[in-house]
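Undergrad:
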Amino acid sequence: MMSDYVKILWADDEINLLKSHVIFLEDKGFNVETVSSGEEAFSLCKKNRYDVVLLDEMMAGMDGIETLQKIKKINPAIPVIMITKNEEEWLMDEAIASQISDYLIKPVSPVQIFLSCKKNVDSDKIRTNKMIKQFLDEYNSIQESIKSISNIDEWLDMIDKIIDWELEIDSINDEAIKPFLKDLKNSTDKNFVNYFEKNYTDLLNSDFFPNKFIKKYLEPSFRSNQKTALIVLDCLRYDQAKFLLQKLCSDFEVKISSALSFLPTSTQYSRNSIFSGLFPDELKDKFPFEWKQMMENESKLNHFENIFFKEYLKSNSFDHISNHYEKIVELNQGNKLYNKIKEYRSIDCISIVVNFIDILGHSFSKSKIIKEIIPNDHSYRKEVLNWFEDSWLYKTLIEFKKNNRKIIITSDHGTTIVNRPTIIKADKNTSSGLRYKKGINLNVSNKEGILIKNPSDYHLPIASLNENYIIAKPGYYFVYPNDYNKYKNLYINSYQHGGVSIDELLLPVLELK
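FYI, my numbering numbers position 332 of the sequence shown as 324, with every residue one higher than the one before it.
1) So, residue 375 versus residue 366, is the Cβ gap smaller than 7 Å?
2) Can you look up residue 441 in the DSSP assignment and give me helix, strand or coil?
3) Am I right that residue 234 and residue 159 are in contact with their C-beta atoms under 8 Å? What's the rounded C-beta distance?
4) Classify residue 397 as helix, strand or coil using the three-state DSSP reduction.
5) In this structure, what does DSSP give as the bridge partners for residue 514?
6) Below 8 Å on the Cβ atoms is my guess for residue 407 versus residue 227; work out the distance and round it to an integer in Å.
7) Under 8 Å Cβ to Cβ from residue 238, same chain only, skipping five residues before and after it: list those, please.
8) Rounding to the nearest angstrom, what Cα-Cα distance links residue 181 and residue 80 in this structure?
9) By Cβ distance, which residues of its chain are closer than 8 Å to residue 276, with the 5 residues on each side in sequence left out?
10) Given a cut-off of 7 Å, decide if residue 501 and residue 249 are closer than it, judged by their beta-carbon atoms.
11) Mind checking who residue 0 pairs with in its DSSP beta bridge?
12) What is the DSSP secondary structure of residue 112, reduced to helix, strand or coil?
13) Whose C-beta lies closer than 6 Å to the C-beta of residue 7 among residues of the same chain, with five residues either side of it excluded?
14) Let's see if you can read the secondary structure: which residues bound the alpha helix (DSSP H) around residue 370?
15) Report the rounded CA-to-CA distance for residue 68 versus residue 108, giving the unit in angstroms.
16) Quick check on residue 257: does DSSP put it in helix, strand or coil?
17) Sort out for me which residues DSSP pairs residue 462 with in a bridge.
18) Buried or exposed for residue 156, please, with buried defined as at least 16 other CB atoms from any protein chain shown within 10 angstroms of its CB.
19) Whole-angstrom Cβ separation of residue 347 and residue 320, contact assumed at under 8 Å?
20) Expressed to the nearest angstrom, what Euclidean distance is found between the alpha-carbon atoms of residue 357 and residue 481?
21) Which residue's Cα is closest to the Cα of residue 495: 61, 33, 257, 173?
22) Per DSSP, what are the beta-bridge partners of residue 470 in this structure?
23) Counting pairs of Cβ atoms below 8 Å between the segment 135 to 155 and the segment 95 to 107, do you hit three or more?
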């Protein structure tokens, strides 16, 4: 039985002939109010709340289309079902353009009317209940599975599955199920980090990491003379990339796959590696001049990406590949690039680094307004989508498609919310990041972080023999004893990166055609 609070308004100039239909709906639990004209229907909709409106298309005076349009002006969200004898396509187009919820051709049976009403009134509830049941059915099996996964491919498949569940649960906005999802994500993060810590140095031989990105994703296009565009969205998370699919799939064929960031999950390590094809310690050895400048001036940490990329092309016999590089920090730079993009049609590979998402994340601890706009991951995803769908970047992607250019979108690292401050001791020369530190004789408990005693095993550069790294585990951030409370409160529940967590490590690779 339907809820007694579901109210239907039915407007038909022959409503007296439809008494059996009305009785059928009332037997199913609907409250049905009937009128015989569009004018009456519009007048009642101004005064009362209805869950569904049934409209006959052919009525004397105000017809169904006009009534529909007027009702939608006062309540755009109300479902309206149009019933008509007219099967002409122009009428269907007109009704669809006026935001009709369903379109039924006479003669209609009581069951047809009932099913259409049920679909429009109860579809969200039915979908929600079914989704919750499916999630809870899988919850325990996933919890058991994550304790025994033993290879990276299985881990990436499982994480992808859990992210899909997160996006689905977000869409129904059911508060009761969210603690189960949070618990599942925390368990997954903990178990994955344990696996990653034990196997990281072996995993570095795989092709999931930034130093193999060009070889895996760009070289096939270079060999086939396919023009490409590489878009690096600094700090784009995997879940955010999947959320962008709702926009991208309307204009592109999209394939999404997973990659991994280096430890520490910081731009200077991973993004330089994307463009150079080198591990961080190899980059230091091959480009000592550039490395020295990067270490002496923080503003130059990613200043040489174009040089690294050109050298990669030359060293790997792709020096015939023409390329153009842009780094976009401000809106006017993006608009300028979009306005000039047609000038680069003949370029084989266009590389664009975009900093908007990273800037948004770093603004979190500096702006109360940003904290209110982005209180959680769900809001962060929505803000990334809001920016993306109306951005100069999306218009640029459309231009690339017109030019038959293959588009590859990726990231250098993600970001995660931190809420557990932990005190560390270090000298003034120690690096400043909250989620990782590089310095002399650093130490951290295994509960709170990963201690990297031998950076060379991790392909990490060092400036002296006593230098090492510590990497924060999920939720933790490093604070010095001096002004502990000040910095604890400043950064708690903020987005940070540099540590080891799924949100920071898992990178998206989107291939667009």
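Even for Gly, the Cβ is constructed at its ideal location relative to N, Cα and C. The structure presented is a predicted model; accordingly, all values stated were derived computationally and were not measured.
TA: Working from what's here:
1) Closer than 7 Å, so yes.
2) Here residue 441 sits in strand by DSSP.
3) Yes, they are in contact, since the Cβ atoms of residue 234 and residue 159 sit about 6 Å apart, within 8 Å.
4) Reduced to three states, the DSSP call for residue 397 is coil.
5) Shown here, the chain extends from -7 to 505; a query on residue 514 therefore has no answer.
6) Contact flag correct, Cβ pair sits at about 5 Å.
7) Sequence-distant partners of residue 238 (beyond 5 residues in either direction) whose C-beta falls short of 8 Å from its own C-beta, in its chain, are 377.
8) About 56 Å.
9) Taken in chain order, the residues that qualify are 283, 453.
10) It is a contact, given that the beta carbons lie within the stated cut-off.
11) 24, 44, per the DSSP bridge assignment.
12) Helix at residue 112.
13) Excluding positions up to five away in sequence, the list reads 26, 28.
14) Residue 370 -> alpha helix (DSSP H) spans 369 to 381.
15) Going by the C-alpha atoms only, they are around 19 Å apart.
16) Here residue 257 carries a coil assignment [DSSP, helix/strand/coil].
17) Looking at the DSSP output, residue 462 sits in a beta bridge with 429, 443.
18) Burial state of residue 156 is exposed, judged by a 10 Å Cβ sphere holding fewer than 16 other Cβ atoms.
19) The Cβ separation is near 7 Å, so the contact holds.
20) Taking the straight line from one Cα to the other gives about 10 Å.
21) With distances taken between Cα atoms, residue 495 lies closest to 257.
22) Beta bridge pairing from DSSP links residue 470 with 414.
23) No, they do not touch.
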